[in-house]
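Please read the structure below before turning to the comments.
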Amino acid sequence: MTENNSKQLPKFESLDALTDFFDENDLGEYLEQMAEANFEVNLKRRKYFVAIDEELSEKLSEISKREHQPSETIVNSWLREKISSYSEKM
8 MTENNSKQLP KFESLDALTD FFDENDLGEY LEQMAEANFE VNLKRRKYFV
58 AIDEELSEKL SEISKREHQP SETIVNSWLR EKISSYSEKM
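Quick note on the working numbering: the sequence shown kicks off at 8 and runs consecutively.
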């Protein structure tokens, strides 16, 4: 006969009560009572922000409206082209 060493997991009235409980207790003692969780994680690429002159920003907004594309898409495209062209010269 095998001995079950896991403790009975209490019922919690709130998420705060649950987190407080596991701040003081070992999660490993309750693993057998916990349901397996499956979920997807959507990792997004990191974004960086760069300051640009007001005049450039205004012109970019005009181009964005005319092209029906977000400014971010246009700037990324231009930077890719410029970096690619620069890399070819090296």
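By construction, the Cβ of each residue, glycine as well, lies at the ideal position given by its N, Cα and C atoms.
Every value quoted in this text rests on a predicted model; they were computed, and no experiment measured them.
Query	Result
What residue does the alpha helix (DSSP H) around V82 start on, and which one ends it?	78-96
Below 8 Å, can you find three or more Cβ-Cβ pairs linking the stretch 26-46 to the stretch 66-83?	no
Buried or exposed: T80, going by 16 or more other Cβ atoms within 10 Å of its Cβ?	exposed
Using the rule of at least 16 other Cβ atoms within 10 Å of the residue's Cβ for burial, across every protein chain shown, is E10 buried or exposed?	With a pLDDT of 48 at E10, under the threshold of 50, the modelled position of this residue cannot be trusted, and the question is left open.
Among T26, S92, P77, N83, which residue has its Cα nearest to the Cα of Y55?	N83
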